[in-house]
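Novice: These protein sequence lines map, in sequence, to chains S and D. Here this note's numbering is used: the first residue of the first sequence is 1, the next is one more, and so on. Here this note's numbering is used: the first residue of the second sequence is 1001, the next is one more, and so on. Before we start, here is the structure in question, set down as C-alpha cells.
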Amino acid sequence: MAKRQAIRWHIAVFLAPAVLVYTAVMIYPLFNTMRLALFAEIDHQRVYVGLRNFSTLFGQAVWSDAFWNALGNNFWFFLIHMLVQNPIGIALAAILSHKRLRFAAFYRSAIFIPAILSFVIVGFAWKLILSPIWGIAPSMLDAVGLKSLFAPWLGKEEYALTTLALISVWQFVGIPMMLIYAALLQIPEEVLEAGECDGITGMSAFWKIKLPLILPSIGIISVLTFVGNFNAFDLIYSAQGALAGPNFSTDILGTFMYRTFFGFQLQLGDPHMGSAIATAMFAIILIGVCIYLFGIQTRMRRYQF
Amino acid sequence: MSKARRNPVNMIAAHAILITYTLIALFPVFVILINSFKNRKSIFREPLALPDADSFSLVGYQTVLKQGDFFLYFQNSMIVTVVSLFLVLLFGAMAAFALAEYRFKGNTLMGLYLALGIMIPIRIGTVAILEMMVQTGLVNTLWALILVYTAQGLPLAVFILSEFMRQVSDDLKDAGRIDGLSEYTIFFRLVLPLVRPAMATVAVFNMIPIWNDLWFPLILAPAEESKTLTLGSQVFIGQFVTDWNAVLSALSMAILPVMILYVIFSRQLIRGITSGAVK
Chain S
1 MAKRQAIRWH IAVFLAPAVL VYTAVMIYPL FNTMRLALFA EIDHQRVYVG
51 LRNFSTLFGQ AVWSDAFWNA LGNNFWFFLI HMLVQNPIGI ALAAILSHKR
101 LRFAAFYRSA IFIPAILSFV IVGFAWKLIL SPIWGIAPSM LDAVGLKSLF
151 APWLGKEEYA LTTLALISVW QFVGIPMMLI YAALLQIPEE VLEAGECDGI
201 TGMSAFWKIK LPLILPSIGI ISVLTFVGNF NAFDLIYSAQ GALAGPNFST
251 DILGTFMYRT FFGFQLQLGD PHMGSAIATA MFAIILIGVC IYLFGIQTRM
301 RRYQF
Chain D
1001 MSKARRNPVN MIAAHAILIT YTLIALFPVF VILINSFKNR KSIFREPLAL
1051 PDADSFSLVG YQTVLKQGDF FLYFQNSMIV TVVSLFLVLL FGAMAAFALA
1101 EYRFKGNTLM GLYLALGIMI PIRIGTVAIL EMMVQTGLVN TLWALILVYT
1151 AQGLPLAVFI LSEFMRQVSD DLKDAGRIDG LSEYTIFFRL VLPLVRPAMA
1201 TVAVFNMIPI WNDLWFPLIL APAEESKTLT LGSQVFIGQF VTDWNAVLSA
1251 LSMAILPVMI LYVIFSRQLI RGITSGAVK
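Take a look at the structure:
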C-alpha cells in the first residue's frame, strides 16, 4: 500500500509531451497575443499603452470603419453558410439516408470531394470559371438562355462577397451532409415504423420524426460553421488577394487581421494592432461558442436509443 | 413497409437530385483537369471539349516543372504532414491514455484544458506564434509548421482517443500488470493496437487541413526552401496569372496528391465521420 502513495511518474510522462506542445504553441501564444494587444511600438521600443490600441480600433474612423466592414461582411458570409450550406447538406443527407437507395456510397464520396481540395485550388478554379475572359460561365448561361444574367461577379462590389460565400458553400456542403447522414443512420427503424403505424410517412416523417432527432447535430454544425467562418482567410486571400477587393467589399476579419499584422503595399505591419484585432476575433468566437454551449446545447433534448 | 418508402417516382427524383449535385461538385475539377492538357487556343475556343489529338498539349506542365520547384514543395508538404500526424497520434494517444486510465487529482481539469483547443482556432495566436518562432530561430523551417500543426491537432485527438481508450477492457490491462508488464509496455503493446481504428480516424481528420493550410506556411515559412505545395502553387499561380496553360497545370498538379490520398483513405474518412467520432 505504501507504493500507492508514491508519485506515479508514468502519468506525468504520458501527459507531458502533449501538454507541453499544446501549452507552448497554442495556449501561451493565445494569451501572449492578448497581452501584446496592450503594447505599441514607439521609437523601436515596445511600450505598454493599456487599451489604447482598442480605442484606436474602435474610435478612429479609418480603423473602426474597416473593422465594422470586416465584421459585417463576416456575418453575411456566415449567414449565407447557415441559409444555403446547411439546408442543402441536410437535404442531401436526408435523400442519401434512404434505405434502398443505390450508389449511395458513390454519391457520398463524390459530393465530398470539394471539401478535400485546398482553398487555393478552389479559389483559382472558380476565378477562372467565372472569368469573363474565359467565358465558361457566360457560355453555359447562354446555353439555357440566361446570358443576360451574367456579370463579372467576383469583380463587382455588390456581388463579390456573396459569390465567394457561395463558392465556400459549394466547397463545404459535404461536411454537414456527412454529419447529418451519420445522425440519420442512428435513428432506429422501430421509431420510423411506429410513425408509419400512425400514418406518418415520407416528408412528414422527415419533419416530424427525423428533424427533431437530428437537432443536436444541426447545433454542432452551426457552431462549427460559426468558428470556421470567423477565422476564415484562405479563400478570400486566394481569390481576391490580401486587399480583399474590389474596394474591401470581401474583407473579413481574417484578411483584415492579416493585412494589419503583416502589412501590405504602403501600410507597414503592426503586430500590436494585429493582436488587438485577434483579441476582438477571439471575443467574438468565444461569445458564439458560449451562446451555443449554454444557450442552445443545454436546452436541447437528447434522445437515447 | 410502407408504399411511400418504395415509391419508384421518389427514387428517380432522389437520383436526379443527387446526380445533379454530384455534377455541380465535380464540374470545376473536371474543367480544370481537361483544360490542363490542351493548348492555349483550344482552352479558349472550346473550354468544355475533351483534349483530342489536335488540341493536346503538355506545354503548361513543362512550364510548371521548369519554373516552379514543385518536387521540393511536395516533399516539404509530405514531411510536414507525416511528421505532424505522427506527433499528434503519439502524443495524443499518450495523453488520452493517461486521462482514460488513471485516476489522479486534476484529471477532469486536465481533460477540459486539453479540450479547450477544439473550439478555439490556433490562428488567433498567430502574432505571438510568429514572434516565438522568430526568437527561437524556427521561422522558415518546417519545424515551425510541424509544431503548430501538432498543437492544433492534439485537442481533438486526445478527446476522440480517450473516448475509445475507456472502452478497452480493464481485465486485459490487469492481466498484463499481473504478468509484470510496465505501464509503458501495457500502453504500447496492449492498448495502442486495440485503438488503431480510432487512430486512423484521427489521422484522416487531421491530414487534409494540414496539407491544405495556407495561413501558417504564408506567415511562418514563406522562404523558397520551406514552401509547402499549397503555398508554392498559390505563389506560382499569382506570378503566372496570364499564362493559362501554366495555371491550369499547376492547379491540376495541386489537385492530384489530395485526390490520391482521398481515394486511399475515403472509406476510413467516411467511416470515421459516420461512426460518430465527432459528436
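We put the CB at the ideal spot given by N, CA and C, even for glycine.
#1: Jot down the residue ranges of each uninterrupted beta strand (DSSP E) in the region 16-101 of chain S, minimum 3 residues, whole runs only, in chain order.
#2: Mind listing which residues of the region 1131-1161 of chain D have their C-beta closer than 8 Å to chain S's C-betas, in chain order?
#3: Taking a contact to mean a Cβ-Cβ separation below 8 Å, would you say Gly-89/S touches Ile-7/S in this structure?
#4: For the structure I just gave you, are there three or more beta carbon pairs, one from the region 40-58 of chain S and one from the region 1144-1152 of chain D, closer than 8 Å?
#5: Please name the residue or residues paired with Lys-1038/D in a DSSP beta bridge.
#6: Pull up the DSSP beta-bridge partners for Phe-264/S, would you.
#7: Check whether the region 238-247 of chain S touches the region 1106-1114 of chain D, taking contact to mean three or more Cβ pairs, one atom from each stretch, closer than 8 Å.
#8: If you measure between the beta carbons of Phe-1214/D and Val-25/S, is that distance less than 8 Å?
#9: Can you tell me which of Leu-1048/D, Ile-1120/D, Gly-1060/D and Ile-1019/D puts its alpha carbon nearest to the alpha carbon of Phe-226/S?
#10: What does the Cβ neighbour count give for Tyr-258/S, buried or exposed, with the cut at 16 atoms within 10 Å?
#11: Is Ile-1012/D buried or exposed, if buried means 16 or more other CB atoms sit within 10 Å of its CB?
#12: Can you find the residues in the same chain that come closer than 8 Å, C-beta to C-beta, to Trp-207/S, ignoring five residues on each side of it along the sequence?
#13: The alpha helix (DSSP H) with Ile-121/S in it runs from where to where?
#14: Could you tell me which whole alpha helix (DSSP H) segments of length 4 or greater appear in the region 1042-1115 of chain D?
#15: For the 8 Å Cβ check, are there 3 or more pairs between the region 181-198 of chain S and the region 128-145 of chain S?
#16: Where does Ile-1024/D fall in DSSP's three states?
#17: Determine the direct distance from the alpha carbon of Ala-1200/D to that of Pro-176/S, and round the result to whole angstroms.
#18: In angstroms, rounded to a whole number, what distance separates the CA positions of Val-1088/D and Ile-1210/D?
#19: Does the distance from the C-beta atom of Gly-1060/D to that of Ser-1249/D stay below 8 Å?
#20: If Leu-1190/D and Lys-1173/D are in contact, beta carbons under 8 Å, what's the gap, nearest whole angstrom?
#21: Contact criterion: CB-CB distance below 8 Å. Does Leu-1018/D meet it with respect to chain S?
#22: Just the Cα atoms here: how many angstroms apart are Val-1082/D and Ala-143/S?
#23: By how many angstroms is the C-alpha of Leu-1090/D removed from the C-alpha of Met-1133/D?
Specialist: According to the structure shown:
#1: Qualifying beta strand (DSSP E) stretches, in chain order: 39-42 and 45-48.
#2: Answer set for the region 1131-1161 of chain D: Glu-1131, Met-1132, Leu-1147, Val-1148, Thr-1150, Ala-1151, Gln-1152, Leu-1154, Pro-1155 and Val-1158.
#3: Within the first sequence, residue 89/S is the residue found at index 89, counting from 1. Within the first sequence, residue 7/S is the residue found at index 7, counting from 1. It is not a contact, given that the beta carbons lie outside the stated cut-off.
#4: No, because fewer than three Cβ pairs between the region 40-58 of chain S and the region 1144-1152 of chain D fall closer than 8 Å, the two stretches do not touch.
#5: Along the second sequence, read from residue 1 onward, the residue named residue 1038/D stands at position 38. Among the bridge pairs identified by DSSP, Lys-1038/D is matched with Phe-1056/D.
#6: Start at 1 with the first residue of the first sequence, and residue 264/S comes out as number 264. Bridge partners of Phe-264/S according to DSSP: Gln-267/S.
#7: Two segments are said to touch when three or more pairs of C-beta atoms, one from each, lie closer than 8 Å; by this definition the region 238-247 of chain S does not touch the region 1106-1114 of chain D.
#8: For the purposes of this step, residue 1214/D is taken as the residue at position 214 of the second sequence. For the purposes of this step, residue 25/S is taken as the residue at position 25 of the first sequence. The amino acid occupying residue 1214/D in the given sequence is Leu; Phe does not appear at that position. No, the Cβ-Cβ distance between Leu-1214/D and Val-25/S is not below 8 Å.
#9: Numbered from its first residue, the first sequence carries residue 226/S at position 226. When C-alpha distances from Phe-226/S are compared across Leu-1048/D, Ile-1120/D, Gly-1060/D and Ile-1019/D, the shortest belongs to Ile-1120/D.
#10: Sequence index remark: in the first sequence, residue 258/S carries index 258 (1-based). Per the 10 Å Cβ criterion, buried.
#11: Here residue 1012/D corresponds to residue number 12 of the second sequence, with the count starting at 1. Result: exposed.
#12: Numbered from 1 along the first sequence, position 207 holds the residue referred to as residue 207/S. There are no such residues.
#13: Here the question's residue 121/S lines up with position 121 in the first sequence. In this chain, the alpha helix (DSSP H) harbouring Ile-121/S covers 119-130.
#14: Runs found: 1059-1067 and 1070-1101.
#15: The region 181-198 of chain S vs the region 128-145 of chain S: no contact.
#16: The residue given as residue 1024/D occupies position 24 in the second sequence. Correct three-state label for Ile-1024/D: helix.
#17: Within the first sequence, numbered from 1, the residue matching residue 176/S stands at position 176. Within the second sequence, numbered from 1, the residue matching residue 1200/D stands at position 200. Whole-angstrom Cα-Cα distance: 21 Å.
#18: The sequence position of residue 1088/D within the second sequence is 88, counting from 1. The sequence position of residue 1210/D within the second sequence is 210, counting from 1. Each residue's alpha carbon lies about 12 Å from the other.
#19: Position 60 of the second sequence, counting from 1, holds the residue named residue 1060/D. Position 249 of the second sequence, counting from 1, holds the residue named residue 1249/D. Yes, they are a contact pair.
#20: Within the second sequence, the letter at position 190 stands for residue 1190/D. Within the second sequence, the letter at position 173 stands for residue 1173/D. Between Leu-1190/D and Lys-1173/D, the beta carbon gap of about 6 Å places them in contact (Cβ cut-off 8 Å).
#21: As a working note, residue 1018/D is residue 18 in the second sequence. For Leu-1018/D, at least one C-beta of chain S is nearer than 8 Å to its own C-beta.
#22: For the purposes of this step, residue 1082/D is identified with residue 82 of the second sequence, where counting begins at 1. For the purposes of this step, residue 143/S is identified with residue 143 of the first sequence, where counting begins at 1. It is roughly 46 Å from the alpha-carbon of Val-1082/D to the alpha-carbon of Ala-143/S.
#23: Your numbering for residue 1133/D matches position 133 in the second sequence. Your numbering for residue 1090/D matches position 90 in the second sequence. Cα to Cα, the separation comes out at about 23 Å.
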